[in-house]
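Line by line, the protein sequences give chains A and U. Note that my numbering numbers the first sequence so that position 63 is 63, with each residue one more than the last. To convert, take the position in the second sequence, counting from 1, and add 250; that gives my numbering. One structure is given here, and the rest of the page talks about it.
Number of protein chains: 2
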Amino acid sequence: MIEPTKASDPKQPKPRKPIYLTVKEDLIRRVLSGEWRPGDLVPSEIALAEEYSVSVGTARKAVEKLVQDNVVVRQRGRGTTIATYRGGKAAKPYKFLNFYSEQDERTERATYLDFAEGTATEFDAQQLGIAIGSPVSRVTRLRSASGRPAIIEHIVVRGDFCPNAAERFARLRPSSIASFFDRQYNLLIVRVDEKVYAALADQEDREHLGSAEGEPVLEVIRSAYDLGGFVIEYRLIHARQGVYYTNTTR
Amino acid sequence: MIEPTKASDPKQPKPRKPIYLTVKEDLIRRVLSGEWRPGDLVPSEIALAEEYSVSVGTARKAVEKLVQDNVVVRQRGRGTTIATYRGGKAAKPYKFLNFYSEQDERTERATYLDFAEGTATEFDAQQLGIAIGSPVSRVTRLRSASGRPAIIEHIVVRGDFCPNAAERFARLRPSSIASFFDRQYNLLIVRVDEKVYAALADQEDREHLGSAEGEPVLEVIRSAYDLGGFVIEYRLIHARQGVYYTNTTR
DNA sequence: AAGTGGTCTAGACCACCAT
DNA sequence: TGGTGGTCTAGACCACTTA
């Protein structure tokens with residue numbers, strides 16, 4: 001049943017909240033509570049309508065909003081499932097990969113270079129929204145395109161949400177980070193922010209990307225948010241000259 | 251009335267097209283035909299439902315799709331209008347600006363540097379999807395952020411769609427390009443593709459952006475599509491070091 | 001006061017998927 | 001074959017804008 005929105009609450013009249021939004025928020029609450037885990041089948045629209053005492057159309061609209069937010073995936077004939085990046089036949093939401101390309105080629109599987117547990121620097125703390133000195137895991141990896149090194153990623157992961165991430169990264173060497181968080185920690189990445197800067201190749205770029213001294217590179221700071229709005233990991237990425245970042249705005 | 255989808259067409263059974271999509275496409279056709287121009291009020295949902303002999307809910311869904319595509323803007327109590335970038339109280343769709351910033355400051359009004367009519371080079375032709383030698387207009391402008399030059403744009407416009415664009419640019423010096431195409435040519439920009447590369451500052455960047463020799467810059471190739479799917483203009487943009495490109499993926 | 005979009009209801013039929 | 005989501009209908013009330 002829907003919470004009656006606190007009849008005692010005085011600030012009600014103006015921004016009357018649609019029922020479908022209330023239902024959507026309760027469904028998110030149930031995902032966050034662990035009642036449903038990634039890959040689980042959500043009750044059908046008819047079942048949800050009965051459970052929340054709303055019409056099917058309203059339950060439907062709530063589910064549509066969840067789809068927009070990358071929380072669930074609908075499949076005709078099968079049902080609605082909590083989004084998951086795990087393999088198998090079903091239920092992958094939007095992909096955040098595919099961001100870098102070169103000569104219109106997608107980047108290939110990553111090679112892992114380094115793993116470390118550590119504590120948050122001031123910059124880490126700022127990016128992750130945690131305190132300086134909090135535990136973090138650090139991972140470095142390299143991705144290629146057309147058989148040539150293309151981008152190098154320094155990934156920093158929140159230690160409180162993802163204990164022993166470096167060790168698990170080292171053991172599993174996942175090709176998809178979103179999949180890794182999904183399987184290992186039941187965390188669902190639903191949003192990614194990126195900022196792209198111009199920079200010059202540093203020592204590491206020269207070593208691993210084959211950049212020359214004085215050559216320009218793309219520097220990307222990328223933050224990944226989970227369903228709860230927390231930054232789970234951020235990455236400092238360098239892409240060698242020739243590799244590009246692409247985006248479409250509608 | 252809706253065209254009955256060619257009853258004689260044999261390829262019907264599998265991909266049955268939803269009615270609301272057919273309605274949406276016909277509404278787009280009417281916009282492209284000039285029946286409605288940017289800023290015009292579209293018939294109400296009830297009127298559309300009657301006109302197309304569908305239920306209000308179906309007409310509504312068609313209009314919702316048009317909103318998603320940046321073609322129309324809905325305002326409760328007022329009605330639905332064709333999207334427009336013209337000033338006034340109403341009807342602005344998504345903004346494609348806001349792409350560049352610095353120290354979290356938006357870029358300011360543009361300064362125009364150069365205007366020219368010309369013919370398409372091979373690169374122009376490729377970007378605009380026209381023949382080499384076709385007429386194009388070229389405009390160069392500079393945008394600042396925090397009082398300092400930040401990005402320089404070379405804009406190339408299709409001459410067949412936008413005759414005398416350089417001359418009009420010179421006369422009007424519009425702050426918004428989308429607004430310019432809207433007012434001058436009744437063209438509605440609904441989608442923008444961008445590719446971001448790393449490059450080194452060239453002579454022009456040193457002159458106008460204050461870049462030093464060997465300093466990195468962002469190079470962006472940006473194509474603007476109108477409602478009909480044509481590339482109306484593309485830009486070659488350089489942003490000096492420190493200015494960044496930002497994007498959120500949901 | 002009239003008309004609009006925003007929300008909601010309570011049904012219905014269909015295409016698709018798993019069993 | 002039964003259940004699912006995808007589509008569609010024909011109403012209804014409300015909040016908001018405009019005249």
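Backbone N, C-alpha and C define an ideal beta-carbon position, used for all residues, glycine too. Computed from a predicted model, the values in this text were never measured in an experiment.
Cα atoms of D410(U) and L486(U): separation of roughly 20 Å, rounded to the nearest angstrom.
Only exposed fits L172(A), as fewer than 16 other CB atoms lie within 10 angstroms of its CB. Below 8 Å, too few C-beta pairs join the stretch 201-219 of chain A and the stretch 51-60 of chain A to call them touching: fewer than three. Under the Cβ criterion (8 Å, minimum of three pairs), the stretch 381-389 of chain U does not count as touching the stretch 319-338 of chain U.
For the pair N164(A) and R183(A), the Cα-to-Cα distance works out to about 14 Å. In the DSSP annotation of this structure, the continuous segment of the alpha helix (DSSP H) that includes E207(A) starts and ends at 203-208.
For Y494(U), the chain A residues whose C-beta falls within less than 8 Å of its own C-beta are K195, V196, Y197, listed in chain order.
With its beta carbon at least 8 Å from every one in chain U, L128(A) lies outside the interface. Secondary structure of I382(U) (DSSP, three-state): coil. DSSP, reduced to helix, strand and coil, places K311(U) within a helical segment of the structure shown. Per the C-alpha coordinates, the member of Y362(U), E301(U), Y475(U) positioned closest to R441(U) is Y475(U).
The alpha-carbon separation between V321(U) and K311(U) amounts to approximately 14 Å. Short of 7 Å from the beta carbon of T119(A), and not among the five residues preceding or following it, lie these beta carbons of its own chain, in chain order: G133, S134, P135, V136. Residues F181, D226, I232 of the same chain have their beta carbon placed closer than 6 Å to that of L187(A), with the five preceding and five following residues left out of the count. For P174(A), the closest Cβ of chain U is not nearer than 8 Å. Counted as a single uninterrupted DSSP element, the beta strand (DSSP E) harbouring E233(A) occupies residues 231-239. Across the set G329(U), E367(U), Q376(U), the C-alpha of G329(U) shows the shortest separation from the C-alpha of G289(U).
Taking a C-beta distance under 8 Å as the contact criterion, V292(U) and T331(U) qualify as a contact pair.
Among the residues of chain U, none has a CB under 9 Å from the CB of V71(A); the nearest is roughly 11 Å distant. Neighbours of P216(A) in chain U, taken as residues whose beta carbon is under 8 Å from its own, are A448, A449, L450, P466, V467 in chain order.
When DSSP reads this structure, Y112(A) sits in a beta bridge with R141(A). Per DSSP, the unbroken beta strand (DSSP E) holding A224(A) starts and ends at 216-226. Interface criterion met: the Cβ of V442(U) is under 8 Å from a Cβ in chain A.
Q75(A) has a beta carbon lying at 8 Å or more from every beta carbon in chain U.
The continuous stretches of alpha helix (DSSP H) do not include T334(U), and DSSP gives it neither H nor E. The beta carbon of I471(U) is closer than 8 Å to those of Q377, E444, K445, Y447, Y484, R485, L486, I487 in its chain, skipping five residues each way along the sequence. Residue pairing by DSSP puts D443(U) in a beta bridge opposite T248(A), S473(U). The beta carbons of R408(U) and I427(U) sit no closer together than 8 Å. Linking I152(A) to E463(U) through their CA atoms gives a straight-line distance of about 26 Å. Secondary structure at R171(A): helix, using DSSP grouped into helix, strand and coil.
Annotated as distal: V217(A) and S223(A), with beta-carbon spacing of 8 Å or more. When the alpha-carbon of I439(U) is set against those of L450(U), G479(U), A400(U), the nearest one is in G479(U). For A150(A), the enclosing beta strand (DSSP E) covers residues 148-158. Put simply, the backbone Cα of W36(A) is about 36 Å away from that of S144(A). Residue-level contact check: R310(U) does not touch chain A, since none of the beta carbons of chain A fall below 8 Å from its beta carbon. By alpha-carbon distance to E45(A), the top candidate from K17(A), Y245(A), V23(A) is V23(A).
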